[in-house]
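Peer 1: Have a look at the structure that comes next, please.
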Amino acid sequence: MDQHTFESTLVPGIHVIGDSSVAGALPKSGHTANNIGKMTAAAIVSLFRGTKPPLPSHVNTCYSLVGPEYGISVAAVYRLDKDGQLAGIKGAGGLSPMEAPPLQRSQEAGFAQGWYESITADSFG
Ligand SMILES: Cc1cc2nc3c(=O)[nH]c(=O)nc-3n(C[C@H](O)[C@H](O)[C@H](O)COP(=O)(O)OP(=O)(O)OC[C@H]3O[C@@H](n4cnc5c(N)ncnc54)[C@H](O)[C@@H]3O)c2cc1C
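Dropping the structure here:
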């Protein structure tokens, strides 16, 4: 598939989103599935209008709750590289540090809950 528009290269006019897509370094996650859906909708509107689809910028964030007050996370940003492949941008995003103090773990647990409420509202209304 074309990683700019998520249009299938096997079946023109069909766009493949979410876990079914194979998009370079972009991980399969609920966050990216939500992101891909929006970028693909924008690309389809552009294609209908005969204009160039916007260059996609994808974000992934995954939180894991290890305990009620103990959260960890991974985040990254992806853009098309010169070969048309979605690749991670160096320096954007990051991982929870291994030696984070309890306050940071507890803050990340709160961020995880906030992320969940936000993505659920955004996806399902
Ligand atoms: C244990 C686990 C933990 C995860 N944790 C996270 C996380 O913390 N953060 C995160 O962002 N992502 C997480 N993910 C990944 C996330 O769940 C998926 O990436 C996301 O659900 C993909 O969405 P989707 O709509 O592409 O596919 P799905 O959510 O798999 O939806 C596909 C739907 O199609 C239906 N279907 C399949 N075949 C047919 C058919 N022939 N006819 C009709 N319907 C059909 C299925 O029943 C399903 O409802 C996790 C996944 C797992 C398994």
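Residue numbers 25 to 149, in this note's numbering, belong to the letters of the sequence shown in order. Beta carbons: idealized from backbone N, C-alpha and C, even for Gly.
1. Considering only the alpha carbon of each residue, which of Val98, Gly134, Pro125, Leu127 lies closest to glycine 117?
2. Considering glutamate 101, what are the terminal residues of the beta strand (DSSP E) in which it resides?
3. Tell me the DSSP secondary structure of valine 69 in three-state form.
4. Could you spell out where the beta strand (DSSP E) holding leucine 127 opens and where it closes?
5. Any heavy atom of ligand 1 closer than 8 Å to the Cβ of lysine 62?
6. Could you name the residues, in chain order, whose CB is less than 5 Å away from a heavy atom belonging to ligand 1?
7. Rounded to a whole number of angstroms, what is the C-alpha to C-alpha distance between lysine 114 and threonine 75?
8. Are the beta-carbon atoms belonging to leucine 119 and leucine 50 less than 9 Å from one another?
9. At a cut of 8 Å, does the region 136-147 reach the region 50-66 through at least three beta carbon pairs?
Peer 2: On the basis of the supplied data:
1. Residue mapping note: residue 117 aligns to position 93 of the sequence shown, counting from 1. Here the closest residue by C-alpha is Val98.
2. By one-based count along the sequence shown, residue 101 stands at place 77. In the sequence on display, residue 101 carries valine and not glutamate. Here the beta strand (DSSP E) through valine 101 covers 94-104.
3. For the purposes of this step, residue 69 is taken as residue 45 along the sequence shown, with counting starting at 1. Valine 69: helix per DSSP, three-state reduction.
4. Taking the first residue of the sequence shown as position 1, residue 127 is located at position 103. From DSSP, leucine 127 is part of no beta strand (DSSP E) but of the alpha helix (DSSP H) over 126-148.
5. Taking the sequence shown and counting its residues from 1, one reaches residue 62 at position 38. Because no heavy atom of ligand 1 lies under 8 Å away, the Cβ of lysine 62 does not count as near it: no.
6. Gly42, Asp43, Lys52, Ser53, Gly54, His55, Ala57, Cys86
7. Counting from 1 along the sequence shown, the entry for residue 114 is found at position 90. Counting from 1 along the sequence shown, the entry for residue 75 is found at position 51. Those two C-alpha atoms are separated by around 30 Å.
8. Translated into positions along the sequence shown, residue 119 becomes position 95. Translated into positions along the sequence shown, residue 50 becomes position 26. Cβ atoms of leucine 119 and leucine 50: not closer than 9 Å.
9. yes
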